[in-house]
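Trainee:
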Amino acid sequence: MNNNQKHIAYLPGFILWIMAEFIITDPVLSYFLAWLSSFFIFYWTIFSNFKYINDDLPVKDQVLRPIIIVQLIFAGFMCCTSVFYFLNHLGYRYFEKVEFNLDVPNAQTYLIAQCQRLSLLAHASLVTGIILLTNKKDKNQRKYILASDININNLLTKFSIFTFFAAFAVKVIPGFSQFSEGLTSVSVFAGTFLLVKGIVHKKKKLLYIGGALFFSNLLKATLSGFKEPILMSIIILGCLLFPVYKKVTLYLGIPLLYGLLYILPTYVSVMRTQSWGGDSSAESSRTAAIETILDDENAALIEDTNWEFLTDRISEINMFTQFVNNTPTNIDYYGFEILIDSFYALIPRVLWKDKPITEEISMKRVYAAGVISESSIVSAKTRPVVDAYLSFGTLGVFVFFILIGLIAQGLCNTSENTFGGYQFGTVIIMGIFSNTLWRGNNFEFMFNSLFYGYILVIIIGEFLKLFKILNSLDYPSTENQDIFLEDAKIE
């Protein structure tokens, strides 16, 4: 497919959204059409003959490019996980009918279907932005390449260790704490890549160093009280193992993720209750959480907690319906207000001592919509699709998600063109943006993370150029710049 046929790759998603809009009088059918349409978009844009993906690598070897990893996780959470909430609304529990509600469909059914259609529009717009900036000739646009005399294994080892400790150092430097999350993420990617190279090539040094970094980050994640860092570590490992051990990764990875999604809600609940309450240390809370999971008497508790997680927290569509119900009926659209607040959030507090607290600013619209009360200690920040809708309604969802897709692919292009190709540019450097582009956040935190992540990419690039690790290309190169590729790929 050539550049003039990109529209064939992204238009079907919008056609399906229009079809779902035409049957809004049947909210159950409209919901399921919109829900299933996201799975079609996954297939159409990743696996079909009409996909528009860089052809420099086989599809399985470019899993960490935005069209695959960002789409699958971002859109997967946003669009696909809502089915549990909808089934619960229809009277089902774990796909078994437990309640016969004669009042369905009701007003809430129509709201859920509307939110699912908005999520489908966001999904279609996201892939449109990604595809619009995808250029199969990107390899010829690269500006730098890693020096030919560089020992890749030594570079990765030093880079992963340096970024691991730099993440801790910048936390205590005023005005630089924004870089800590990005440095931690890139260390996780680099360390995991080392671990995978050690496994593939049976190199003990890489195995030990990469394993130490991977498991230290994983153990730190288990103390955080959040599910995402734990899942992220496993997903990164799976993505890097997949090109080499495709079948094994699928056979072991899918059951592992299923098991984690089943037990993590209970694990996190116990962790937060004991550790965040101040009664126990994080380590003792982790022990108590593990004991709770392993105790057979808690099987019913785990099942109940998991269903509550699946129906409420994982997709947060319940919160989405509350915003849609209030805007614009009771509260007018915010227009550019959320976007302006997001730009204010970019200013470092060291330069603006009286800067409003970003968390408090972003929570105002949550309180205004009555999602939670101001006396609640729970944080219920909006997701990107909610902020897009609150800003300009359906048009806002369409425009903002095209922009998010453009930003995701633009960052990928910049990383590859600056750092010599996919293996270092996307696998390692794009990890800086993984927390934001994979799961999303409200606009204030999302734009802040992306902006300072981009600054970090520039700093790392200049650092590597200073030490002659990156060399400039004075002319477009047609050679294979993915210098890790042959080294890492073993069938």
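In this note's numbering, the protein residues as written are -7 to 483.
Glycine included, C-beta positions come from ideal geometry on N, C-alpha and C.
#1: L233 and V178 look like a contact to me (Cβ under 8 Å); what is the Cβ gap, rounded to whole Å?
#2: With 16 as the cutoff for other CB atoms within 10 Å, does P166 come out buried or exposed?
#3: Grab the span of the alpha helix (DSSP H) containing I309 for me, first residue to last.
#4: Looking only at DSSP bridge pairs, what is S464 linked to?
#5: Using a Cβ-Cβ cut-off of 7 Å (strictly less than) and excluding sequence neighbours within five positions of L199, which residues of its own chain qualify?
#6: Among I222, S117, S441 and T265, whose alpha-carbon lies nearest the alpha-carbon of G251?
#7: Confirm the yes/no value for this check: CB of C71, any heavy atom of the ligand PLP, distance under 6 Å.
#8: The alpha helix (DSSP H) that contains G167, what's its start and end?
#9: Are the C-beta atoms of V192 and some chain C residue less than 7 Å apart?
#10: Let me know the secondary structure DSSP gives R484 once reduced to three states.
#11: Give every residue of the same chain whose Cβ lies closer than 6 Å to the Cβ of M11, excluding the five residues on either side of it in the sequence, and list them in chain order.
#12: Reducing DSSP to helix, strand and coil, say where Y326 ends up.
#13: According to the neighbour-count rule (16 or more other Cβ atoms, all chains shown, within 10 Å of its Cβ), is I7 buried or exposed?
#14: Does DSSP classify Y414 as helix, strand or coil?
#15: For the 8 Å Cβ check, are there 3 or more pairs between the segment 209 to 227 and the segment 407 to 422?
#16: Would you report the Cα separation of D95 and I309, rounded to the nearest angstrom?
#17: Buried or exposed: where does F171 fall if 16 or more other Cβ atoms within 10 Å of its Cβ makes it buried?
#18: Is DSSP giving K485 helix, strand or coil here?
#19: Looking only at its own chain, which residues have a Cβ that is under 7 Å from the Cβ of D333, when we skip the five neighbours before and after it?
#20: Locate the alpha helix (DSSP H) running through F34, then write down its first and last residues.
#21: If we ignore side chains and look at the alpha-carbon of each, how far apart do C107 and G5 end up?
Mentor: A quick look at the data gives this:
#1: On the sequence shown, residue 233 is found 241 positions in, with the first residue counted as 1. On the sequence shown, residue 178 is found 186 positions in, with the first residue counted as 1. Actually they do not touch by this definition, with Cβ atoms about 19 Å apart.
#2: Position 174 of the sequence shown, counted from the first residue, corresponds to residue 166. So P166 ends up on the exposed side.
#3: For the purposes of this step, residue 309 is taken as the residue at position 317 of the sequence shown. I309 -> alpha helix (DSSP H) spans I309 to N318.
#4: By one-based count along the sequence shown, residue 464 stands at place 472. DSSP lists Y136 as partners of S464.
#5: Sequence index remark: in the sequence shown, residue 199 carries index 207 (1-based). Cβ neighbours of L199 beyond the five flanking positions: L187, G190 and I191.
#6: Indexing the sequence shown from 1 puts residue 251 at position 259. Ranking I222, S117, S441 and T265 by Cα distance to G251 puts I222 first.
#7: Although the ligand PLP was asked about, the structure shown includes no ligands whatsoever.
#8: As a working note, residue 167 is residue 175 in the sequence shown. Where G167 is concerned, there is no enclosing alpha helix (DSSP H), given that its DSSP letter is neither H nor E.
#9: Included in the structure is just one protein chain, with no chain C present.
#10: The structure shown does not extend to residue 484, since the chain is modelled only from -7 through 483, so no value can be given for it.
#11: In the sequence shown, residue 11 corresponds to position 19, counting from 1. Setting aside the 5 residues that flank it on each side, M11 has no residue in the same chain whose C-beta is closer than 6 Å to its C-beta.
#12: Looking up residue 326 in the sequence shown gives position 334. Looking at Y326 - three-state DSSP - the assignment turns out to be coil, as it is neither helix nor strand.
#13: Residue mapping note: residue 7 aligns to position 15 of the sequence shown, counting from 1. Result: exposed.
#14: The count along the sequence shown starts at 1 and reaches residue 414 at position 422. Three-state DSSP puts Y414 in a helix.
#15: no
#16: Along the sequence shown, read from residue 1 onward, the residue named residue 95 stands at position 103. Along the sequence shown, read from residue 1 onward, the residue named residue 309 stands at position 317. When rounded, the distance between both Cα atoms is 20 Å.
#17: The residue labelled residue 171 in the question sits at position 179 within the sequence shown. The residue in question, F171, is buried, as its Cβ has 16 or more Cβ neighbours within 10 Å.
#18: Residue 485 falls outside the range modelled here, since the chain spans only -7 to 483, and no answer is possible.
#19: Here residue 333 is taken as the residue at index 341 of the sequence shown, counted from 1. Apart from sequence neighbours up to five positions away, the residues of its chain that approach D333 with a beta-carbon distance below 7 Å are I353 and E436, ordered along the chain.
#20: As a first step, residue 34 must be located in the sequence shown, where it is residue number 42. Boundaries of the alpha helix (DSSP H) harbouring F34: P19 to I38, taken from the DSSP string.
#21: Numbered from 1 along the sequence shown, position 115 holds the residue referred to as residue 107. Numbered from 1 along the sequence shown, position 13 holds the residue referred to as residue 5. Using only the alpha carbons, I get a separation of about 16 Å.
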